[in-house]
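The listed protein sequences derive, respectively, from chains A and Z. To get the working numbering, take the position in the first sequence, counting from 1, and add 70. To get the working numbering, take the position in the second sequence, counting from 1, and add 40. Just so it is clear, CB atoms sit at the ideal spot from N, CA and C, and this is done for glycine as well. All figures in this text were calculated on a predicted structure; none of them were measured in a lab. Here is the structure we will look at.
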Amino acid sequence: MYPGIYLSLLIMCLTVYCIRMLPFLVFRKEITNRWVRSFLYYVPYVTLAVMTFPAIVTATDNIWSGIAALIVGLLAAWFKGDLFFVAISCCVTVFLTGLFL
Amino acid sequence: MTETSKKTKEISPHASELPWFVRGLRDGIPICMGYFAVSFALGITARGIGMNALQAGLMSMGMVASAGEFAAIGLIASQAGIFEMISTCIVVNMRYFLMSCSLSQKLSPDLPFYHRLMLPYCITDEIFGLSSAVKGYLDPKYTYGMTIVSVAGWTTGTVLGVLLGNIMPAWAVNALSVSLYGMFLAIIIPPAREDRFIAGLVLLSMTASGLFSVLPVLKGISGGFKVIILTLLIAGIAAFIHPLDDEK
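Here's what the structure looks like:
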């Protein structure tokens, strides 16, 4: 049964919150198991890499501007690493390539 | 005496750095820009099914989840039942569960309990990524700083999307939409440069993700599931072949 829009929003917001909250309640102590600790240590790298590629290439109208953004982003992150700089470099790349493509 | 001077020496380089909350506000700016573009599109979708600005704004402020909110709009549009709403939300947002598990290990055991109730609200892909990139224990104030700026952009974008509809020029949406991926690169590439195992891990993850998006059958798996499957698989194997040293 559809509970109406406001109740639906409340239910869904609470569900999403619980998904995010439960691990913080369960893992209140530092985990000592070496494999689990290593696994959780590697999670961000794998997750963010999987989310970045190939999504960055297909995020814009034109695949070539996406590829250019990926290359510029990789170079900027490798040589400078500053968050804001890398993000802006990618945006500017897409904007500039968009003028020609 | 020696103890004190040693401590001062350790602290002084950080003293010149900005406080964590301010650093969070600063690092929240690129997140905010990227969110603005995505949430604008979200607002347009919400408007399409007849949601008003208040409803869409509440949704964005309460959920702070991109794929999750697109799914939520779909559920509202189809007037789904409560059970379907809860189960769909769990599936679509399951990756946050993994992220929270990971971030729970970045907290000092002495951290007051209420942070464990406040931090979960802040777990998005981007804020999680930056929070885990901090060296040593995470100061939650950093996460809160980022969250305030990002959620402001996320909610404003959604509301404007509903009110204004399709007025953002395509070039602006295009340019802003890669900002989030640029941030991900800024988080994962510098450590990959320092550590060859991480570099291999990043390369492998991207390759696997690329294969998942072109190979038949695998192509049909939704983005959220792909992230979960590949994270469990690749991080799981990595932990097996290259476990952390005890001091890390």
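Are residue i and residue j touching if we call contact CB-CB under 8 Å?
{"i": "proline 283 of chain Z", "j": "serine 135 of chain A", "result": "no"}
{"i": "leucine 140 of chain A", "j": "isoleucine 158 of chain A", "result": "no"}
{"i": "isoleucine 71 of chain Z", "j": "serine 190 of chain Z", "result": "yes"}
{"i": "leucine 144 of chain A", "j": "methionine 223 of chain Z", "result": "no"}
{"i": "glutamine 95 of chain Z", "j": "leucine 79 of chain A", "result": "yes"}
{"i": "valine 213 of chain Z", "j": "alanine 86 of chain Z", "result": "no"}
{"i": "valine 242 of chain Z", "j": "tyrosine 111 of chain A", "result": "no"}
{"i": "threonine 122 of chain A", "j": "leucine 216 of chain Z", "result": "no"}
{"i": "leucine 200 of chain Z", "j": "phenylalanine 80 of chain Z", "result": "yes"}
{"i": "valine 120 of chain A", "j": "serine 106 of chain Z", "result": "no"}
{"i": "threonine 164 of chain Z", "j": "glycine 97 of chain Z", "result": "no"}
{"i": "tryptophan 194 of chain Z", "j": "tyrosine 75 of chain Z", "result": "yes"}
{"i": "threonine 183 of chain Z", "j": "isoleucine 167 of chain Z", "result": "yes"}
{"i": "isoleucine 130 of chain Z", "j": "isoleucine 89 of chain A", "result": "yes"}
{"i": "leucine 244 of chain Z", "j": "isoleucine 274 of chain Z", "result": "yes"}
{"i": "methionine 82 of chain A", "j": "methionine 125 of chain Z", "result": "yes"}
{"i": "leucine 171 of chain A", "j": "asparagine 132 of chain A", "result": "yes"}
{"i": "threonine 163 of chain A", "j": "valine 142 of chain A", "result": "yes"}
{"i": "proline 180 of chain Z", "j": "tyrosine 87 of chain A", "result": "no"}
{"i": "glycine 205 of chain Z", "j": "valine 62 of chain Z", "result": "no"}
{"i": "tryptophan 148 of chain A", "j": "isoleucine 238 of chain Z", "result": "no"}
Is it buried or exposed, residue i, if we count other Cβ atoms within 10 angstroms and call 16 or more buried?
{"i": "aspartate 67 of chain Z", "result": "buried"}
{"i": "threonine 130 of chain A", "result": "buried"}
{"i": "glycine 176 of chain Z", "result": "exposed"}
{"i": "serine 118 of chain Z", "result": "exposed"}
{"i": "proline 149 of chain Z", "result": "exposed"}
{"i": "serine 45 of chain Z", "result": "Only weak support is given to the placement of serine 45 of chain Z: the predicted model assigns it a pLDDT of 43, under 50, and the value that follows is read from those uncertain coordinates. Exposed."}
{"i": "valine 255 of chain Z", "result": "Note that residue 255 of chain Z is leucine in the sequence shown here, rather than valine. With fewer than 16 Cβ atoms within 10 Å of its Cβ, leucine 255 of chain Z is classed as exposed."}
{"i": "asparagine 133 of chain Z", "result": "buried"}
{"i": "threonine 102 of chain A", "result": "exposed"}
{"i": "glycine 88 of chain Z", "result": "exposed"}
{"i": "arginine 135 of chain Z", "result": "buried"}
{"i": "alanine 138 of chain A", "result": "buried"}
{"i": "threonine 128 of chain A", "result": "exposed"}
{"i": "phenylalanine 153 of chain Z", "result": "exposed"}
{"i": "serine 127 of chain Z", "result": "exposed"}
{"i": "glycine 240 of chain Z", "result": "exposed"}
{"i": "lysine 259 of chain Z", "result": "exposed"}
{"i": "threonine 247 of chain Z", "result": "exposed"}
{"i": "proline 209 of chain Z", "result": "exposed"}
{"i": "leucine 178 of chain Z", "result": "buried"}
{"i": "lysine 99 of chain A", "result": "exposed"}
{"i": "lysine 47 of chain Z", "result": "Bear in mind that a pLDDT of 42 at lysine 47 of chain Z, under 50, signals an unreliable position, so the number given afterwards is only what the model happens to contain. Exposed is the call here."}
Starting from residue i, follow the alpha helix (DSSP H) in both directions and report where the run begins and ends.
{"i": "serine 100 of chain Z", "result": "93-103"}
{"i": "valine 257 of chain Z", "result": "Segment: none, valine 257 of chain Z is in no alpha helix (DSSP H) and carries neither H nor E."}
{"i": "proline 93 of chain A", "result": "75-96"}
{"i": "threonine 174 of chain A", "result": "Because residue 174 of chain A is not part of the residues shown, which for chain A are 71 to 171, the question remains open."}
{"i": "asparagine 214 of chain Z", "result": "210-217"}
{"i": "phenylalanine 153 of chain Z", "result": "No alpha helix (DSSP H) holds phenylalanine 153 of chain Z; DSSP gives it neither H nor E."}
{"i": "threonine 167 of chain A", "result": "153-170"}
{"i": "glycine 108 of chain Z", "result": "106-117"}
{"i": "methionine 73 of chain Z", "result": "60-88"}
{"i": "alanine 173 of chain Z", "result": "165-173"}
{"i": "glutamate 124 of chain Z", "result": "122-132"}
{"i": "threonine 183 of chain Z", "result": "180-204"}
{"i": "glycine 305 of chain Z", "result": "What is shown of chain Z runs 41 to 288, which leaves residue 305 of chain Z out entirely."}
When you compare only the Cα positions, how much space is there between residue i and residue j?
{"i": "glutamine 145 of chain Z", "j": "alanine 77 of chain Z", "result": "32 Å"}
{"i": "serine 140 of chain Z", "j": "isoleucine 113 of chain Z", "result": "24 Å"}
{"i": "serine 171 of chain Z", "j": "leucine 143 of chain Z", "result": "8 Å"}
{"i": "threonine 187 of chain Z", "j": "leucine 220 of chain Z", "result": "15 Å"}
{"i": "arginine 236 of chain Z", "j": "glycine 64 of chain Z", "result": "29 Å"}
{"i": "valine 113 of chain A", "j": "proline 59 of chain Z", "result": "27 Å"}
{"i": "aspartate 285 of chain Z", "j": "tryptophan 105 of chain A", "result": "11 Å"}
{"i": "leucine 84 of chain A", "j": "phenylalanine 137 of chain Z", "result": "14 Å"}
{"i": "isoleucine 116 of chain Z", "j": "isoleucine 75 of chain A", "result": "7 Å"}
{"i": "isoleucine 51 of chain Z", "j": "tyrosine 72 of chain A", "result": "Confidence is the limiting factor: at isoleucine 51 of chain Z the pLDDT is only 42, short of 50, which leaves the residue's position unreliable, though a coordinate-based value still follows. If you take the alpha carbons of isoleucine 51 of chain Z and tyrosine 72 of chain A, they lie about 56 Å apart."}
{"i": "valine 96 of chain A", "j": "isoleucine 227 of chain Z", "result": "27 Å"}
{"i": "phenylalanine 94 of chain A", "j": "leucine 82 of chain Z", "result": "29 Å"}
{"i": "phenylalanine 280 of chain Z", "j": "glycine 151 of chain A", "result": "29 Å"}
{"i": "alanine 146 of chain A", "j": "arginine 233 of chain Z", "result": "12 Å"}
{"i": "phenylalanine 123 of chain Z", "j": "proline 231 of chain Z", "result": "42 Å"}
{"i": "proline 124 of chain A", "j": "valine 174 of chain Z", "result": "26 Å"}
{"i": "glycine 264 of chain Z", "j": "cysteine 160 of chain A", "result": "24 Å"}
Item to check | Selection of the region 141-153 of chain A by Cβ proximity to chain Z, strictly under 8 Å | outcome: Of all residues in the region 141-153 of chain A, Gly143, Leu144, Ala146, Ala147, Trp148, Gly151, Asp152 and Leu153 have a Cβ within less than 8 Å of some Cβ in chain Z.
Next on the checklist: Please identify, using Cβ separations under 8 Å, the residues of the region 109-123 of chain A that lie next to chain Z, in order along the chain.
Outcome noted: Residues passing the 8 Å Cβ filter: Phe109, Leu110, Tyr111, Tyr112, Val113, Pro114, Tyr115, Val116, Thr117, Leu118, Ala119, Val120, Met121, Thr122 and Phe123.
Next on the checklist: What are the residues in the region 86-97 of chain A lying within 9 Å of chain Z by C-beta distance?
Outcome noted: Using a CB distance below 9 Å, the part of the region 86-97 of chain A facing chain Z consists of Val86, Tyr87, Cys88, Ile89, Arg90, Met91, Leu92, Pro93, Phe94, Leu95, Val96 and Phe97, ordered along the chain.
Checklist entry - Using a beta-carbon distance cut-off of less than 9 Å, what residues from the region 149-160 of chain Z approach chain A? => result Answer set for the region 149-160 of chain Z: Pro149, Phe153, His155, Arg156, Leu157, Leu159 and Pro160.
Next on the checklist: If the cut-off is 9 Å on Cβ atoms, which residues from the region 55-80 of chain Z count as contacting chain A, listed in chain order?
Outcome noted: With the criterion set as a beta carbon lying under 9 Å from some beta carbon of chain A, the members of the region 55-80 of chain Z are Arg66, Asp67, Ile69, Pro70, Ile71, Met73 and Gly74, in sequence order.
Next on the checklist: Output needed in chain order: residues of the region 111-140 of chain Z with a Cβ under 8 Å from some Cβ in chain A.
Outcome noted: Within the region 111-140 of chain Z, the residues whose Cβ lies closer than 8 Å to any Cβ of chain A are, in chain order, Ala112, Leu115, Ile116, Gln119, Ala120, Gly121, Ile122, Met125, Ile126, Cys129, Ile130, Asn133, Met134, Arg135, Tyr136, Phe137, Leu138, Met139 and Ser140.
Next on the checklist: Short of 8 Å Cβ to Cβ, which residues in the region 205-222 of chain Z face chain A?
Outcome noted: Against chain A - using a Cβ distance shorter than 8 Å - the residues of the region 205-222 of chain Z are Ala210, Trp211, Asn214, Ala215, Leu216, Ser217, Val218, Ser219, Leu220, Tyr221 and Gly222.
Next on the checklist: Counting only Cβ-Cβ distances shorter than 8 Å, please list the residues of the region 169-181 of chain Z near chain A, keeping chain order.
Outcome noted: Within the region 169-181 of chain Z, the qualifying residues are Gly169, Leu170, Ser172 and Ala173.
Checklist entry - When you check each C-beta in the region 250-267 of chain Z against every C-beta of chain A, which residues fall closer than 9 Å? => result Taking 9 Å as the Cβ-Cβ cut-off, the region 250-267 of chain Z approaches chain A at Gly250, Phe252, Ser253, Val254, Gly263, Lys266 and Val267, given in chain order.
Checklist entry - Which residues, in chain order, does the region 74-85 of chain A contribute to contact with chain Z at a C-beta distance below 7 Å? => result Listed by position, the residues of the region 74-85 of chain A near chain Z (Cβ gap below 7 Å) are Ile75, Ser78, Leu79, Ile81, Met82, Cys83 and Thr85.
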